[in-house]
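Heads up: the sequence shown begins at 0 in numbering that gives the first Met the number 0, then just goes up one per residue.
Virtual Cβ for every residue (Gly too), placed ideally from N, Cα, C.
From a predicted model like this one, the values you see are computed outputs, not experimental measurements.
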Amino acid sequence: MTIQYDGTNYYGWQFQLGVPTIQQIIQEKMCVILNEPKKIQGAGRTDSGVHALYMVAHFKYRNLLDIPTFQRSMNSLLPADIRITNVEIAPPKFNSRFSALWKEYAYYLYNGTICPPFIYRYAWHYPNALNLELMQEAANYFLGHHDFSLFGTGGIKREDTLRSIDSLIIEKQGELLIFRIRAKSFLRHMVRWIVGTLVEVGEAKKTIAELPGLFQEKKYGLVKFKAPPNGLFLIYIEY
0 MTIQYDGTNY
10 YGWQFQLGVP
20 TIQQIIQEKM
30 CVILNEPKKI
40 QGAGRTDSGV
50 HALYMVAHFK
60 YRNLLDIPTF
70 QRSMNSLLPA
80 DIRITNVEIA
90 PPKFNSRFSA
100 LWKEYAYYLY
110 NGTICPPFIY
120 RYAWHYPNAL
130 NLELMQEAAN
140 YFLGHHDFSL
150 FGTGGIKRED
160 TLRSIDSLII
170 EKQGELLIFR
180 IRAKSFLRHM
190 VRWIVGTLVE
200 VGEAKKTIAE
210 LPGLFQEKKY
220 GLVKFKAPPN
230 GLFLIYIEY
């Protein structure tokens, strides 16, 4: 099933004791409808405050399921900031996480002086002047296969920090900057660290010449600026 959610009021996707998460809320409502506990597996784990336009999750159910009724019932029980947008029977051996070919995230940054009140939940307000051309040039250095250990959470073994970025595009729509990044998988907080680093380049706090060294050095203090979670959206997953 595919899911959309506003992550503002949740502690991320993954179930955690004592705090509301997307996975927990969906599983609770499924239990009511199906009369049995169900565990769903998502295609990834969005962090606290991060949103999704296209999260995919799967679950196993051995009985006959009236899909339209199930989807309608779920949406009637779920809070308004979580919606099931599609439900279908998956192919054999389908896995929402491991069957994914790539995922795409979008990060929204509002670069105007005054952030409109109806988008502040969904974009990072950063009013300082930014050099967009320099940021676009810097984005090319992230493409391809690199060790992104400085752009993930510390304490991960080196072999687990190798990732391949397929595309990284920065678009400008009025005062809004949109960072679109695509890869098969990401480290935790990786997109936010990359966006923060590109903003540093755009503000001349970091030079393009420094970027290659960030994939070689293992000093975690070299990457210091992480974008906040509210501007980040999981927008598509290809299978």
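In chain order, what residues of the same chain lie with their CB nearer than 8 Å to the CB of residue i, ignoring the 5 residues before and after it?
| i | result |
| --- | --- |
| I66 | V86, E87, I88 |
| A245 | Residue 245 is absent from the model: the chain starts at 0 and stops at 238. |
| H57 | M0, I39, Q40, A89, F93, N94, S95 |
| T112 | P126 |
Following the continuous beta strand (DSSP E) through residue i, name the residue where it begins and the one where it ends.
| i | result |
| --- | --- |
| R187 | Per DSSP, R187 belongs to no beta strand (DSSP E) and is neither H nor E. |
| S163 | 161-172 |
| M54 | 50-57 |
Rounded to the nearest angstrom, what separates residue i and residue j at their Cα positions?
| i | j | result |
| --- | --- | --- |
| D80 | Y4 | 5 Å |
| A138 | R179 | 10 Å |
| N110 | G201 | 12 Å |
| T1 | L63 | 20 Å |
| G43 | I177 | 21 Å |
| A128 | A203 | 10 Å |
| Q172 | I234 | 18 Å |
| R61 | P91 | 13 Å |
| G154 | S163 | Here the model assigns G154 a pLDDT of 47, short of 50, so the residue's position is not dependable, and the following value carries that caveat. Approximately 20 Å between the Cα atoms of the pair. |
| S72 | F232 | 26 Å |
| E237 | Q13 | 21 Å |
Leaving out the 5 sequence neighbours to the left and right, which residues in its chain are closer than 6 Å to residue i when beta-carbon positions are compared?
| i | result |
| --- | --- |
| R181 | W101, E103, D165, S166 |
Going along the chain, which residues of its own chain have a beta-carbon closer than 7 Å to the beta-carbon of residue i, five neighbours each way excluded?
| i | result |
| --- | --- |
| F150 | L186, M189, W192, I193, V222 |
According to DSSP, what are the bridge partners of residue i?
| i | result |
| --- | --- |
| W101 | E237 |
| I180 | Y104, L167 |
| D46 | Answer is none; D46 lacks a bridge partner. |
| T1 | V55, N85 |
| F147 | None, per the DSSP bridge assignment. |
Measure how close the beta-carbons of residue i and residue j come, nearest whole angstrom, since I'm counting them as under 8 Å.
| i | j | result |
| --- | --- | --- |
| I207 | Y140 | 7 Å |
Alpha helix (DSSP H) containing residue i: first to last residue?
| i | result |
| --- | --- |
| P126 | Neither: P126 is in no alpha helix (DSSP H) and is coded neither H nor E. |
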